[in-house]
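*Asks:* According to the working numbering, the residues represented by the sequence shown are 267 to 475, in order. Below you'll find the structure I mean.
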Amino acid sequence: MTVRRLPGLPGLAVPAALTALLALLSGCGIRATEVPTDYGPAPSRVRCSLAEPNAAADGASGVPAQVFLLCGSSLVAVDRTVPVPEGTSDSGRRALVAQGLLDQLTASPSPAEKEAGYTTDVRRGLAVAGPRSGDPDDTLRLSTAPGDLTSYALAQVVCTFSDSAAGEGDGSVVLAGPGDAPARRYACTDDVRTRPGSNEPPSAEVDEG
């Protein structure tokens with residue numbers, strides 16, 4: 267180890283590192299450290315968290331609603347507005363709201379939503395209509411059979427509909443496809459919201475209307 271002798275104190279040897287430390291402390295005040303520090307890159311926007319209100323819903327006229335988009339491995343609700351003409355009957359209103367919600371689900375997320383990690387698995391062209399003769403009154407018939415949708419898309423549709431004027435207000439919605447398969451009641455559960463890829467919405471066949 268390299269040592270130095272302090273002036274005026276013959277025979278007293280100190281390590282070179284201690285000498286350097288004494289030199290630093292001899293000045294006026296404490297000097298800033300020169301030891302490099304690395305706290306990592308500046309924090310970016312938190313994933314699945316929007317910093318500003320959704321532009322798609324801000325200032326738009328219509329029925330306030332929420333749609334469920336994918337972010338990471340979960341469903342996350344975002345605000346939207348669905349146009350519904352005044353004077354629409356209750357039966358017609360359900361189908362109009364449902365189609366408006368589908369249009370929002372198939373649309374590309376806003377730039378802010380994309381930056382936060384939002385995506386959708388519901389493909390363009392999906393349409394919805396009201397019940398046929400013999401269907402339960404609250405049936406919504408999709409142009410693609412529910413069983414033919416991906417588990418993510420079905421979860422998005424079920425949770426979006428069940429949480430809106432298109433559903434019954436009890437966390438479920440009655441869906442059917444374009445074919446003759448009977449309508450089924452699908453539920454949006456906590457498991458479906460948190461892991462839509464591995465938990466399809468539970469369903470049960472419903473009686474005809």
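Glycine residues also receive a C-beta, built at the ideal position from the N, C-alpha and C atoms. Please read these numbers as outputs of a predicted model, since none were measured by experiment.
(1) Check each candidate in Asp473, Ser469, Thr405 and name the one with the smallest Cα separation from Ala421.
(2) Just grab the DSSP bridge partners of Gln332 for me.
(3) Tell me Cys337's beta-bridge partners as DSSP assigns them.
(4) Run through DSSP, which three-state label would Thr460 get?
(5) Thr426: buried (16+ other C-beta within 10 angstroms of its C-beta) or exposed?
(6) If I follow the unbroken alpha helix (DSSP H) through Ala419, where does it start and stop?
(7) By the DSSP assignment, the beta strand (DSSP E) with Leu392 in it spans what residues?
(8) According to the Cβ coordinates, are Leu471 and Arg450 closer than 8 Å?
(9) In this structure, what does DSSP give as the bridge partners for Thr455?
(10) Have a look at Ala393, Gly463, Thr416 and flag the residue whose alpha-carbon is nearest the alpha-carbon of Gln370.
(11) Among residues of its own chain, excluding the 5 on either side of Thr543, which ones have a beta-carbon nearer than 6 Å to its beta-carbon?
(12) For Ala447, count the other beta carbons within 10 Å of its own beta carbon; 16 or more makes it buried, fewer makes it exposed. Which is it?
(13) So is Arg346 buried or exposed if we call it buried at 16+ other beta carbons inside 10 Å?
(14) Can Leu336 and Thr385 be called in contact, C-beta distance under 8 Å?
(15) Could you have a look at Leu368 and say whether DSSP puts it in helix, strand or coil?
(16) Considering only the alpha carbon of each residue, which of Glu379, Asp473, Gly400, Val342 lies closest to Val423?
*Replies:* So, from the listed chains and residues:
(1) Ser469
(2) Asp345
(3) Ser340, Tyr384
(4) helix
(5) buried
(6) 417-428
(7) Premise fails: Leu392 is in no beta strand (DSSP E) and is neither H nor E.
(8) Correcting the residue identity first, residue 471 is Glu in this sequence and not Leu. At the C-beta level, Glu471 and Arg450 come within 8 Å of one another.
(9) The partner list for Thr455 (beta bridge, DSSP) is empty, contrary to what the question assumes.
(10) Ala393
(11) Nothing in the structure corresponds to residue 543, since the chain is present only between 267 and 475.
(12) exposed
(13) So Arg346 ends up on the buried side.
(14) In this structure, Thr385 lies closer than 8 Å to Leu336 by Cβ.
(15) helix
(16) Per the C-alpha coordinates, the member of Glu379, Asp473, Gly400, Val342 positioned closest to Val423 is Val342.
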